[in-house]
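Chemist: Next up is a structure, given as structure tokens.
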Amino acid sequence: AQSVAQPEDQVNVAEGNPLTVKCTYSVSGNPYLFWYVQYPNRGLQFLLKYITGDNLVKGSYGFEAEFNKSQTSFHLKKPSALVSDSALYFCAVRVDDKIIFGKGTRLHILP
Amino acid sequence: EAGVAQSPRYKIIEKRQSVAFWCNPISGHATLYWYQQILGQGPKLLIQFQNNGVVDDSQLPKDRFSAERLKGVDSTLKIQPAKLEDSAVYLCASSLAGNNSPLHFGNGTRLTVT
Numbered sequence: 005a006q007s008v009a010q011p012e013d014q015v016n017v018a019e020g021n022p023l024t025v026k027c028t029y030s031v032s033g034n035p036y037l038f039w040y041v042q043y044p045n046r047g048l049q050f051l052l053k054y055i056t057g058d059n060l061v062k063g064s065y066g067f068e069a070e071f072n073k074s075q076t077s078f079h080l081k082k083p084s085a086l087v088s089d090s091a092l093y094f095c096a097v098r099v100d101d102k103i104i105f106g107k108g109t110r111l112h113i114l115p
Numbered sequence: 178e179a180g181v182a183q184s185p186r187y188k189i190i191e192k193r194q195s196v197a198f199w200c201n202p203i204s205g206h207a208t209l210y211w212y213q214q215i216l217g218q219g220p221k222l223l224i225q226f227q228n229n230g231v232v233d234d235s236q237l238p239k240d241r242f243s244a245e246r247l248k249g250v251d252s253t254l255k256i257q258p259a260k261l262e263d264s265a266v267y268l269c270a271s272s273l274a275g276n277n278s279p280l281h282f283g284n285g286t287r288l289t290v291t
């Protein structure tokens, strides 16, 4: 069965430090991987995607994600966290035109 | 481009009442989705349309939920009768066809059933 796992419910990072939000997946076939961010009282907003090619993909607001096929992971990263990055982050996989979301990771950036 | 529009933003009803939500997707997006997001959880797909046909409604509680997308553009999601456990945010999203296309979400409708 297709699945997406975000092992951390919450991640706390000091402002200015690098951040990582973890995601692993289990799908048959080639995965199309996405990260979304959700701010309070808003819908999900697309950050970046991996389709094929370079394992490091860059997205909005300085975020990037690293695709690792052998570890079936797609971790979200940012070199220097901002307080405004505090939000709920969702990893998603799209296969056969169906989208599966992880349960989300709440990111707290501490001033 | 204009984003996905949803209305209303908030709705409070009593259990056993009915409610309807409306969604207008991004122009040209053939695929439309309705998701239910319960507080603290990820979005759960209720129904997916491709143009005006249903692609996936396997998780839609069909005894009380219904959705339609007449003319392949706007969509309406209805709950009748509502239960307490239906309290959630209902998100509409749209996308171009194809696995490499991201979803674009509206701001959602927050439903409270009392």
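Chains A and B supply the protein sequences, listed in that same order. First residue of the first sequence: 5, per this note's numbering; consecutive thereafter. First residue of the second sequence: 178, per this note's numbering; consecutive thereafter. For each residue, glycine too, the CB sits at the ideal point set by N, CA and C.
By Cβ distance below 7 Å, which residues in the same chain neighbour A/T76 in space, the five residues on each side in sequence not counted?
Modeler: Residue mapping note: residue 76 of chain A aligns to position 72 of the first sequence, counting from 1. Contacts found: T28, Y29, S30.
Chemist: Among residues of its own chain, excluding the 5 on either side of A/V61, which ones have a beta-carbon nearer than 6 Å to its beta-carbon?
Modeler: Within the first sequence, the letter at position 57 stands for residue 61 of chain A. The answer, listed in chain order, is L52, Y54, A69.
Chemist: Taking 6 Å as the limit between beta carbons, can you name the residues of its chain near B/S271, skipping five residues before and five after?
Modeler: Position 94 of the second sequence, counted from the first residue, corresponds to residue 271 of chain B. Excluding sequence neighbours, B/S271 sits near V181, P202, I203, H206, L209, H281.
Chemist: Kindly indicate which residue of A/G20, A/K26, A/A18, A/Q6 has the alpha-carbon position closest to the one of A/E12.
Modeler: Numbered from its first residue, the first sequence carries residue 12 of chain A at position 8. The candidate whose alpha carbon is nearest that of A/E12 is A/K26.
Chemist: Do A/F105 and A/V15 have their C-beta atoms within less than 8 Å of each other?
Modeler: Here residue 105 of chain A refers to the residue found at position 101 of the first sequence. Here residue 15 of chain A refers to the residue found at position 11 of the first sequence. No, these two residues do not count as a Cβ contact at 8 Å.
Chemist: Buried or exposed: which applies to B/Q213, given that a residue is buried once 16 or more other Cβ atoms fall within 10 Å of its Cβ?
Modeler: Reading the second sequence from its first residue, position 36 is the one you call residue 213 of chain B. Classification of B/Q213: buried, given that the 10 Å Cβ count is 16 or more.
Chemist: Identify each residue in the region 227 to 249 of chain B for which the Cβ-Cβ distance to at least one residue of chain A is less than 9 Å, and report them in chain order.
Modeler: Answer in chain order: Q227, V232, D233.
Chemist: Mind listing the chain A neighbours of B/P220? Cutoff is C-beta to C-beta under 8 Å, in chain order.
Modeler: Taking the second sequence and counting its residues from 1, one reaches residue 220 of chain B at position 43. Within chain A, the residues near B/P220 are L48, F94, F105.
Chemist: Closer than 8 Å by beta-carbon distance: list the chain B residues that pair up with A/Y36, in chain order.
Modeler: Reading the first sequence from its first residue, position 32 is the one you call residue 36 of chain A. In chain order: N276, N277.
Chemist: Would you report the Cα separation of A/N34 and A/G63, rounded to the nearest angstrom?
Modeler: Taking the first sequence and counting its residues from 1, one reaches residue 34 of chain A at position 30. Taking the first sequence and counting its residues from 1, one reaches residue 63 of chain A at position 59. Their Cα atoms are separated by approximately 21 Å.
Chemist: For B/N228, which residues from the same chain have a beta carbon less than 6 Å from its beta carbon, with the 5 sequence-adjacent residues on both sides left out?
Modeler: Counting from 1 along the second sequence, the entry for residue 228 of chain B is found at position 51. Here the set comprises A207, G249.
Chemist: So is B/F198 in contact with chain A if we call contact Cβ pairs under 8 Å?
Modeler: Within the second sequence, numbered from 1, the residue matching residue 198 of chain B stands at position 21. Closer than 8 Å: no.
Chemist: For a contact defined as C-beta to C-beta under 9 Å, what are the partners of A/I113 on chain B?
Modeler: Here residue 113 of chain A refers to the residue found at position 109 when the first sequence is read from its first residue. Within chain B, no residue comes near A/I113; the closest Cβ sits about 20 Å away, beyond 9 Å.
Chemist: Taking DSSP as the reference, what is the three-state secondary structure of A/S74?
Modeler: On the first sequence, residue 74 of chain A is found 70 positions in, with the first residue counted as 1. Reduced to three states, the DSSP call for A/S74 is coil.
Chemist: Residues of chain A with a CB under 8 Å from the CB of B/N284: which are they?
Modeler: Sequence index remark: in the second sequence, residue 284 of chain B carries index 107 (1-based). Correct list: N45, R46, G47.
Chemist: Taking C-alpha atoms, which residue in B/R186, B/C200, B/D263 lies nearest to B/R246?
Modeler: Counting from 1 along the second sequence, the entry for residue 246 of chain B is found at position 69. If we check each option's Cα against that of B/R246, B/C200 comes out closest.
Chemist: For B/T289, which residues does DSSP report across the bridge?
Modeler: Here residue 289 of chain B refers to the residue found at position 112 when the second sequence is read from its first residue. B/T289 is bridged to B/I189.
Chemist: Report yes if the CB atom of B/F198 is closer than 8 Å to the CB atom of B/Q183, and no otherwise.
Modeler: On the second sequence, position 21 is the one that residue 198 of chain B refers to. On the second sequence, position 6 is the one that residue 183 of chain B refers to. It is a contact, given that the beta carbons lie within the stated cut-off.
Chemist: Please classify B/S235 as buried or exposed, where buried requires at least 16 neighbouring CB atoms within 10 angstroms.
Modeler: One-based indexing of the second sequence puts residue 235 of chain B at position 58. With fewer than 16 Cβ atoms within 10 Å of its Cβ, B/S235 is classed as exposed.
Chemist: Taking 8 Å as the CB-CB cut-off, is A/K81 touching chain B?
Modeler: Translated into the one-based positions of the first sequence, residue 81 of chain A becomes position 77. False, the Cβ-Cβ gap to chain B never drops below 8 Å.
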